[in-house]
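Chains as they are written, first to last, in our numbering: chain A, 1 to 213; chain B, 1001 to 1213.
Using N, Cα and C, we set each Cβ at its ideal position, and we do this for glycine too.
From a predicted model like this one, the values you see are computed outputs, not experimental measurements.
2 protein chains.
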Amino acid sequence: MSDAPTRPRGRPARNDRPVGETREAILAAALDVFSRRGFEGASLRDIAAAAGLEHSLVRYHFTDKAGLWRAAMTHLIALMDAHMLEGWRTARTLPAVDRFAMMVTTYVRYCARHPEHARIMVHETMGDSDRVTWIAEHIIAPQHRNLSRMLETLMDQGHIPRSPVRPLIYILSAAAQAPFTLAGEVRAAYGVDTASEAEITAHTQALLGLVLR
Amino acid sequence: MSDAPTRPRGRPARNDRPVGETREAILAAALDVFSRRGFEGASLRDIAAAAGLEHSLVRYHFTDKAGLWRAAMTHLIALMDAHMLEGWRTARTLPAVDRFAMMVTTYVRYCARHPEHARIMVHETMGDSDRVTWIAEHIIAPQHRNLSRMLETLMDQGHIPRSPVRPLIYILSAAAQAPFTLAGEVRAAYGVDTASEAEITAHTQALLGLVLR
DNA sequence: TCCATTTTAGTCCGAATGGGCAATAATGCT
DNA sequence: AGCATTATTGCCCATTCGGACTAAAATGGA
């Protein structure tokens, strides 16, 4: 096995990627592949290939598959915070109902732009892996704290029927995510692209029309 | 329903499982594993082990991994039809609003008892595999046909705000499924078992209270 | 009784997986 | 200029995967 035209071992092709971008590219690819295949189903080689790299490079940057998963989740939280903050800036001065409507609108748009998010939640929320605990603590808890405060206010003001908060939170979040999480189903069943601007506003209208009346 | 003496043919399993049960056991295991790992992530060996068998036996009964998947889906549809039919029998004579409430109640209970269903939808509804097409045709289309008829009636009678039907369908289905699809998340974040009787009725109440008012 | 059929287990294979590791090119510090 | 660090590739490993194939055990029909 000696003779082959042994190509140089080291670091040959440094194509055009600016150095700092590699990590980011891997994280984006990881979110995509993890959301489509789940943790066990996702392969480091697929993720690397999606970013145009060799799989060992993923391990160099993130050590482990588990390490990559945690880094990708942290990245996802940052994306969500950045998106939601923008809506919050214009919403914070509004009266409670309009603030709620604004935040729902913002969240629906986030779901449309990052369907990976809800998909990963469904994937990882089973069994009793450490990943469920991590998600519950770092993503669910803060999110629900905000939402339940808003919902209590809306119930006090009589805009939505009084009801235990936790069921309501899950109803609203799932309703907001649905058409984007299931985008492939909608495409296959109706031939419609739910990520389009028209579909996003139609969905937002339907949801707000149902909840606030 | 096998009575004692007539053992069906074939080599007995090491664990002397009644022969007719093998297929059913594999299908149940397949639904469970497929829902937790997705199609690619699920291994025939895991499914076989969950049913207490060797992986070759799965291939004997269902030929292919794809064949097993289709058989499991057909089985799932039968389970759903059986469950929903029971609700429909008592609901069909009721006035539209109560019929709707009864069907929602029945569906929520189905989601609680078969969380695999919604999880599989999320898993398989991505990419453009043939499985998406199969699901859209065999599960989504008939389901939505029924639901949209009911919703149109409710809108005509002014019980829910007029709105395009498709967004509404996704809002309602996702809302009904959410706490059970995400059961692990709820357990990790709140320490609550959403499959319990109390949680099922609480969720049903919250959903109906939000939609019908 | 003997043989075809049915149902099970066991074995082997090529491909893919997560991980370990050495080689090497680029960069930056002194 | 020299050297440590960083970023990258290629290759190796044991394990597991889907699948193909074979062996065996039990039954029923001839």
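With a minimum length of 4 residues, the unbroken runs of alpha helix (DSSP H) contained wholly in the segment 153 to 188 of chain A fall at 165 to 181. Per DSSP, Leu1210/B is one residue of the alpha helix (DSSP H) stretching across 1197 to 1211. Chain B has no Cβ within less than 8 Å of the Cβ of Ser196/A. According to the DSSP assignment, Asp1081/B belongs to the alpha helix (DSSP H) that extends over 1065 to 1091. With a cutoff of 8 Å on beta-carbon distance, Thr181/A and Arg119/A are scored as near each other. About 7 Å separates the CB atoms of Met1080/B and His1117/B; that is less than 8 Å, so the two are in contact. Excluding the 5 residues flanking it on each side, Leu1044/B has same chain C-beta neighbours closer than 8 Å at His1055, Val1058, Arg1059, Lys1065, Leu1068, in chain order.
Within a 10 Å sphere around the beta-carbon of Gly158/A sit fewer than 16 other beta-carbons, which makes this residue exposed. For the segment 145 to 163 of chain A, residues whose beta-carbon sits nearer than 8 Å to a beta-carbon of chain B comprise Ile160, Pro161, Ser163. Leaving aside the five residues that flank Ala1050/B on each side, the residues in its chain whose CB is nearer than 8 Å to its CB run, in chain order, Ala1029, Asp1032, Val1033. In the structure shown, the three-state DSSP call for Glu40/A is helix. Annotated as distal: Ile1047/B and Ile1077/B, with beta-carbon spacing of 8 Å or more. Per DSSP, Val104/A is one residue of the alpha helix (DSSP H) stretching across 96 to 113. Residue environment for Thr1204/B: buried (at least 16 other C-beta atoms within 10 angstroms of its C-beta).
Looking from the CA of Gln177/A, the closest CA among Pro167/A, Arg89/A, Thr105/A, Arg149/A belongs to Thr105/A. Cβ neighbours of Val1186/B within its own chain (closer than 7 Å, five residues either side excluded): Pro1179, Val1192, Thr1194. Cβ-Cβ distances below 6 Å link Ala1091/B to Arg1099, Met1102, Met1103 in the same chain, with the five nearest sequence neighbours on each side left out; the list follows chain order. Its Cα nearest to that of Arg109/A, the residue Ser173/A stands out among Ala189/A, Arg213/A, Ser173/A, Tyr190/A. If you draw a straight line from the Cα of Glu1199/B to the Cα of His61/A, it comes to about 44 Å. With a cutoff of 8 Å on beta-carbon distance, Met126/A and Arg1036/B are scored as near each other. Here the alpha carbons of Leu208/A and Ala71/A stand approximately 34 Å from one another.
Taking 8 Å as the cut-off, the beta carbon of Phe1039/B is found no closer than this to the beta carbon of His1138/B.
Leu210/A is classed as buried because its beta carbon has at least 16 other beta carbons within 10 Å across all chains shown. In this structure, the beta-carbon distance from Ala96/A to Leu154/A falls below 8 Å. Using beta-carbon distances, Arg1059/B does not count as an interface residue toward chain A, since no partner is under 8 Å.
Contact between Leu1168/B and Ala206/A holds: CB atoms are separated by about 6 Å, below the 8 Å threshold. If you draw a straight line from the Cα of Ala1141/B to the Cα of Ala1112/B, it comes to about 22 Å.
Pro164/A sits exposed, since fewer than 16 C-beta atoms from the chains shown fall within 10 Å of its C-beta.
Closer than 9 Å at the C-beta level to chain B, one finds these residues of the segment 175 to 190 of chain A: Ala175, Ala176, Gln177, Ala178, Pro179, Thr181, Leu182, Ala183, Gly184, Glu185, Val186, Arg187, Ala188, Ala189, Tyr190. Secondary structure of Glu24/A (DSSP, three-state): helix. Straight through space, the alpha carbons of His1144/B and Ala1136/B are spaced by roughly 10 Å.
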